[in-house]
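Start counting the sequence shown at 223; every next residue gets the next number (my numbering). Using N, Cα and C, we set each Cβ at its ideal position, and we do this for glycine too. Being a predicted model, the structure only gives us computed values, none of them experimental. A short write-up of the structure that comes next.
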Amino acid sequence: QICGYEFTGKLARMFQDIKVSDDLNVEFLEYLKSELSSTAHNQTMTSLIGLDFNIYVLQANSWPVSQPTTNTFILPHLLEKPLHMFEAFYGKKYSGRKLCWMYNLSNAEIRMTHLDRSYFVTMGTYQMAILLQFNEHQQLTITEVEDATKLNIKELEKQVISLIDAKFLLADTNNLTSSSIISINFDYKNKRTKFKVPLLPQKEATHDSESSQKAVEEDRKFYLQAVIVRIMKARKKLKHNSLIEEVITQSKQRFLPSIHIIKKCIEILIDKQYLERSSNDEYSYIA
223 QICGYEFTGK LARMFQDIKV SDDLNVEFLE YLKSELSSTA HNQTMTSLIG LDFNIYVLQA
283 NSWPVSQPTT NTFILPHLLE KPLHMFEAFY GKKYSGRKLC WMYNLSNAEI RMTHLDRSYF
343 VTMGTYQMAI LLQFNEHQQL TITEVEDATK LNIKELEKQV ISLIDAKFLL ADTNNLTSSS
403 IISINFDYKN KRTKFKVPLL PQKEATHDSE SSQKAVEEDR KFYLQAVIVR IMKARKKLKH
463 NSLIEEVITQ SKQRFLPSIH IIKKCIEILI DKQYLERSSN DEYSYIA
């Protein structure tokens, strides 16, 4: 009520996405149960209904997230069926919509049973995919893991290093190369039986924060340009200082713009031929 819907629109859509996603997960479970009666899907459905599988369907233009540069990642076989079934369910419910899976933002809880005690560990999907390779192998080279997961080498090395730092994996060299051999640490111990491995290294989290800040700055520029045009459309002509003061007055309830950014927006509008600057430091609105 204070800021207005225009300013809080994206946040409102984010909350709406979460609510809709909760409802979708309930409907998806009912969909699986209804499909259970089908002979062709009987075995598949039985295994899926017992799986704790949650999806968040987010509008691309409402969330400050970006897709990874590569989309070649191969999902572990255990998760292929639920994703394909959700796509089928979603396609029937919303014809024409396209789902783009954000594996880099997803996580999973796995149970480790190969040690002296069981551990329940929450980790990123990429980390999980790497660890699952060792269900069938005692040790693997970086190249072999890359071939199995199809993660690009930089992403793979980052995820492997995070698992080495967490003591889940061991490496035969300090500096990873394509021929480095990694293996499961069978001597792993932890006082806690349920915990979380960091999803993102701090450097990448900082990068995401910077990207979000840039998006906010761009939104503010568009808002200020709209304010300037609205003022000039009403006033027709204004001195430079008067325009700056009016822009600050009309914007300060949302945020306090710097004079530098206001000047930049004025220059943008002059380039777009919305405004014209005269020799006596006065701006005119071009209809």
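Range of the contiguous alpha helix (DSSP H) that encloses residue i
i	result
Gly346	It is not in any alpha helix (DSSP H) - Gly346 instead sits in the beta strand (DSSP E) that spans 341 to 346.
Met334	Met334 -> not in any alpha helix (DSSP H); beta strand (DSSP E) instead, spanning 329 to 334.
Thr399	Taken as a continuous stretch (DSSP letters only), Thr399 belongs to no alpha helix (DSSP H), as it is neither H nor E.
Tyr312	299 to 315
Leu385	375 to 387
Span of the beta strand (DSSP E) around residue i
i	result
Ile488	Taken as a continuous stretch (DSSP letters only), Ile488 belongs to no beta strand (DSSP E), being part of the alpha helix (DSSP H) at 481 to 493.
Thr510	Outside the shown range of the chain (223 to 509) lies residue 510, about which nothing can therefore be said.
Leu460	459 to 461
Identified DSSP bridge partners for residue i
i	result
Ala393	Ile404
Phe417	Val343
Glu498	Ser506
Gln361	Ser405
Whole-angstrom C-beta distance between residue j and residue i, which should lie under 8 Å
i	j	result
Phe444	Leu373	Wrong, their Cβ atoms sit about 36 Å apart, outside the cutoff.
Phe408	Leu354	Wrong, their Cβ atoms sit about 16 Å apart, outside the cutoff.
Arg339	Thr415	7 Å
Met307	Leu254	7 Å
Straight-line gap, residue i to residue j (C-alpha atoms, nearest Å)
i	j	result
Glu368	His462	59 Å
Ser464	Arg457	11 Å
Ser400	Val248	44 Å
Phe250	Asp274	12 Å
Ala388	Gln435	30 Å
Pro420	Val438	26 Å
Asn396	Tyr312	46 Å
Met236	Tyr316	19 Å
Lys411	Tyr341	9 Å
Ser284	Gly231	9 Å
Discussion item. Does the stretch 468 to 487 come into contact with the stretch 446 to 456, if we say contact requires no fewer than three beta-carbon pairs (one atom in each stretch) closer than 8 Å?
Written reply: yes
Worksheet item: Does the stretch 354 to 368 come close enough to the stretch 403 to 423 that 3 or more CB-CB pairs lie under 8 Å?
Response: yes
Worksheet item: Taking three-plus beta-carbon pairs below 8 Å as touching, is the stretch 347 to 357 in contact with the stretch 326 to 334?
Response: yes
Item to complete: Spell out a yes or no on whether the stretch 276 to 291 and the stretch 239 to 248 are touching, meaning 3 or more CB-CB pairs, one atom from each, closer than 8 Å.
Response: yes
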